[in-house]
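Step one of this worksheet: look at the structure below.
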Amino acid sequence: MSLTPKQEAFARAYVETGNASEAYRRAYNVGEKTKPESIWVKASELLANGKVSVRVAELQSAASERTLVTVESLTKELDEARLHALKDEKGASAAVSAIMGKAKLHGLLVEKHEHSGAINLTVSPEDAEL
């Protein structure tokens, strides 16, 4: 399977961004006056191209494998740290930290941040009519 350099660039950009139109802009010489609809059509045609879609699938699979290995290895390390901490009488805090680290790693725990402070907003009479 042989792609043109631009098709390869498109496939890589698509896997990186997840956006076909953005991938098309990065891979092809798109003028400033090019309509977004035209870019979308061309990007869709590329994704429908059998060779390009196979290459995208290959790249996504490789990226997925790298991510899984990272998540799996970090989970294993956190498990080992948790087990080591539980062997110590005073290790409960470290064990809890390891468990919380695993939860964050797997997207089960999302930290929330509260913001405080004043927001100053000026509205012109023209904007107020909207």
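Mapping of the sequence shown onto the numbering used here: residues 174 to 303, in sequence order. Glycine included, each C-beta is placed from N, C-alpha and C at the ideal position.
Secondary structure of residue i, DSSP reduced to three states
| i | result |
| --- | --- |
| residue 201 | coil |
| residue 247 | helix |
| residue 252 | helix |
| residue 274 | helix |
| residue 177 | coil |
| residue 227 | helix |
| residue 212 | helix |
| residue 297 | coil |
| residue 260 | helix |
| residue 266 | helix |
| residue 207 | coil |
| residue 282 | coil |
| residue 186 | helix |
| residue 291 | coil |
Close beta carbons around residue i, own chain, < 6 Å, minus the five adjacent residues each side
| i | result |
| --- | --- |
| residue 180 | 225 |
| residue 219 | 183, 225 |
Nearest-angstrom Cβ-Cβ length linking residue i and residue j, presumed shorter than 8 Å
| i | j | result |
| --- | --- | --- |
| residue 188 | residue 229 | 6 Å |
| residue 247 | residue 294 | The pair is not a contact, with the Cβ atoms about 43 Å apart (cut-off 8 Å). |
| residue 122 | residue 271 | Only positions 174 to 303 of the chain appear in the structure, and residue 122 is not among them; the question remains open. |
Beta-carbon proximity list for residue i, same chain, < 8 Å, skipping 5 on both sides
| i | result |
| --- | --- |
| residue 249 | none |
Same chain, Cβ closer than 7 Å to residue i, neighbours up to 5 away in sequence not counted
| i | result |
| --- | --- |
| residue 164 | Limits of the chain in this structure are 174 at one end and 303 at the other, which puts residue 164 out of reach. |
| residue 264 | 258 |
Residue-level contact to chain B via CB, residue i, 8 Å cutoff
| i | result |
| --- | --- |
| residue 209 | No chain B is part of this structure, which consists of one protein chain only. |
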